[in-house]
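These notes are about the structure you will find just below.
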Amino acid sequence: MSANWFKEKSWSISGNKANDSKHLASTNTIIYPKSTQDVAELLASNQEAAVAVVCGGHSSSNVATWACFSEAAGKDDSYQDDNTIILDMKNMASVTVDKKLMEVTVGGGSTFRQLAQVCADAGGALPIGTGDTVGVCGYTMNGGLSGYFGKRLGMLGQRVVHMEIVIADGTVKNLTPESSGEDGNLFHACLGAGSAMGVVTSLTFKMEAAASFSTGGSIVVACGNKTSAEPFLKRALQFMKGSVLPTSSCSMEIVIVTDFTVIINFMFYDTFTGNTSSFVQQVRDDAKACNVPIVADDMSSYKAWFEAASSLWDVIAGLKGDPLVRVDHCIGTRSLPSDEVLDFVIDTWVGDYIQKAPLSLVEIRSLGGVTKEGSALPSGNVNALFFADMIVSYDGSSVSSQEKSSIMEDVHRIIVDAKKQGELMVDFSGTHSQSDDPPELLAKGDEIFGSQDNYELIKQTKHTFDSTNRFRFHPFAHLL
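With the UniProt record's numbering, the residue at position 197 of the sequence shown is 197, and numbering never jumps.
This is how it looks when you write it as structure tokens:
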């Protein structure tokens, strides 16, 4: 593996690896399959090799792109595994649509930018993630959630109607929600632990009409510092708790960035019957009462699903570093959060790291709705009504080794404190949790995969279809 490939395919470097340059020394084989047959022949012809699959490279712990080093396989840090094959799926990036059936099929290397444009052109909508270069299959296979659209459209995995996957011995399986027996178990397991089961070469999703999204917009408040932000955030979270979390007709996301600008995004669905501006008036009143200025206010800036789906692409593209260093963590509640939980979010979750790591942000989201009511995916994300994540990030070239260690110590202390809050779920999300943290901080299988029953089924399915653990580079493969 060349340093250039690693740099290209890893959108960021885990904060737990920020002082480590081992990835520059790898000599592993990188294969660029062009078809399902290519993948099947490779797996059948080399049954001894471990296999890692890379698409968008957005995993916060770099498990697949770091696959040459076998920490994921339980070895010590100095061990390099030369019998690992990395599949770069970039040549399998097709996106095709069936307008009559309102279905869209993506190849194993497709990204959200491609999917979103095709959906929009077909008059459809899906609960996609906010990053345009994120791999669709990787996101779906890890139980990816959608803060903007999940209440109305569910999770992307809940919209899968067909899956093509190549398992460890090279067999190609075509699975649907109606698959039964071991194949039915495999379909279910793949929607939370797919990259631990095989190589997903295509997924077909059932789209919703684009008209399911009505309108959306933002209120931006320039708080300036944490002292000024805290009273406003307390009011904003109470508004979320009282007016947004109980309804499935709209969603609200609060984003806090390093200068304590607070961006509040609202998305309204076709089921919303009120006046959008009147609905959010309390937020404006709260900003005025807290003497913090509103610098932008437009409740109709997103007039179509695609505009909302693509709204953060430029922002995310601007997050750059040499390298960009990042860790992700999350907390959430299954029901309405108590005032004590909301205080913890403001007082502790929005921590000192947000200024020490100047590209960081905190996102506080309203989930539930169709996500909780739909098919029970093997993902902790389906359990959350209230969700807050921290994305701790900075330019690695501008932060000293000592400062990097200090940032991680701050973050780890917060996670320890969060685990003491009895009401909170902590790091239960396969897409928003750090899988390379110290052992005492790592999530448990029933948390990541949604329940103990799901966890047991996934372990059983893993043994059935990959008994030699070829696919050991799922972020949470250590749990299996």
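Yeah, the Cβ is synthetic: ideal placement off N, Cα and C, and Gly gets one too.
Review point. For Phe473 versus Val97, is the C-beta distance shorter than 8 Å?
Key: no
Exercise for review: Tell whether a beta-carbon distance below 8 Å holds between Ser210 and Ala304.
Suggested key: The question names Ser, but residue 210 in the sequence shown is Ala. Yes. Within cutoff.
Check your understanding: Quick one, are the C-beta atoms of Ile407 and Gly15 less than 8 Å apart?
Key -> Taking the C-beta atoms as reference points, Gly15 is found nearer than 8 Å to Ile407.
Exercise for review: State the CB to CB distance for the pair residue 488 and Gly107, rounded to an integer number of angstroms; the pair is presumed to be in contact (CB under 8 Å).
Suggested key: The structure shown does not extend to residue 488, since the chain is modelled only from 1 through 480, so no value can be given for it.
Exercise for review: Could you say which of Trp11, Asp121, Ile167 lies nearest to Thr461 if we only look at CA atoms?
Suggested key: Ile167
Practice item. Specify whether the segment 125–143 and the segment 177–186 touch according to this definition: at least 3 beta carbon pairs, one from each stretch, less than 8 Å apart. Key: no
Exercise for review: With a cut-off of 8 Å on the beta carbons, I'd call Leu385 and Leu424 a contact; round off their distance for me.
Suggested key: Rounded, the Cβ-Cβ distance is 12 Å, inconsistent with contact.
Point to revise | Helix, strand or coil at residue 503 [DSSP, three-state] | key: Here the chain comprises residues numbered 1 to 480, so residue 503 is not present and cannot be evaluated.
Check your understanding: Just the Cα atoms here: how many angstroms apart are Asp314 and Ser467?
Key -> 43 Å
Exercise for review: For the beta strand (DSSP E) holding residue 481, just list the boundary residues, first then last.
Suggested key: Beyond the ends of the chain as shown, which are 1 and 480, falls residue 481; an answer cannot be given.
Check your understanding: Would a C-beta distance cut-off of 8 Å place Pro323 and Ser45 closer than the cut-off?
Key -> no
Check your understanding: DSSP three-state call for Phe205: helix, strand or coil?
Key -> strand
Exercise for review: May I ask you to check if the CB of Val199 is nearer than 7 Å to at least one heavy atom of the ligand MG?
Suggested key: Inclusion of the ligand MG in the displayed structure is not the case, the ligand content being empty and no account of it being possible.
Check your understanding: Counting only runs that start and end within the segment 85–158, where is the beta strand (DSSP E) found for 3 or more residues in a row?
Key -> As far as the segment 85–158 is concerned, its whole beta strand (DSSP E) runs of at least 3 residues are 95–98, 103–107.
Point to revise | Contacting residues, own chain, Cβ-Cβ under 6 Å from Phe149 (five flanking each side not counted) | key: Pro127
Review point. Which term fits Asp270, buried or exposed, when burial requires 16 or more other beta carbons within 10 angstroms of its beta carbon?
Key: Exposed: under 16 other Cβ atoms inside 10 Å.
Exercise for review: Measure the Cβ-Cβ separation of Cys223 and Val262 and say whether it is below 8 Å.
Suggested key: yes
Review point. Taking all protein chains shown into account, do 16 or more other C-beta atoms lie within 10 angstroms of the C-beta of Val295, making it buried, or fewer, making it exposed?
Key: exposed
Point to revise | Touch test, the segment 350–363 against the segment 168–179, Cβ-Cβ under 8 Å, three pairs minimum | key: no
Review point. Is the beta carbon of Ile245 sitting closer than 8 Å to the one on Ser429?
Key: Per the sequence shown, the amino acid found at residue 245 is Leu instead of Ile. No, the pair does not count as a contact, with Cβ atoms beyond the cut-off.
Point to revise | Stretch pair the segment 444–458 + the segment 385–395: three plus CB contacts closer than 8 Å | key: By the Cβ rule, the segment 444–458 does not count as touching the segment 385–395, because fewer than three pairs are nearer than 8 Å.
Point to revise | According to DSSP, residues forming a beta bridge with Ala50 | key: Thr84
Practice item. With DSSP as the reference, please indicate the residues paired to His329 in a beta bridge. Key: Met390
Review point. Quick one: Cα of Ser94 to Cα of Ser110, how far?
Key: Inter-residue distance for Ser94 and Ser110 is about 6 Å (C-alpha atoms, whole angstroms).
Practice item. Give me the Cα-Cα distance between Val416 and Asn275, rounded to the nearest whole angstrom. Key: 42 Å
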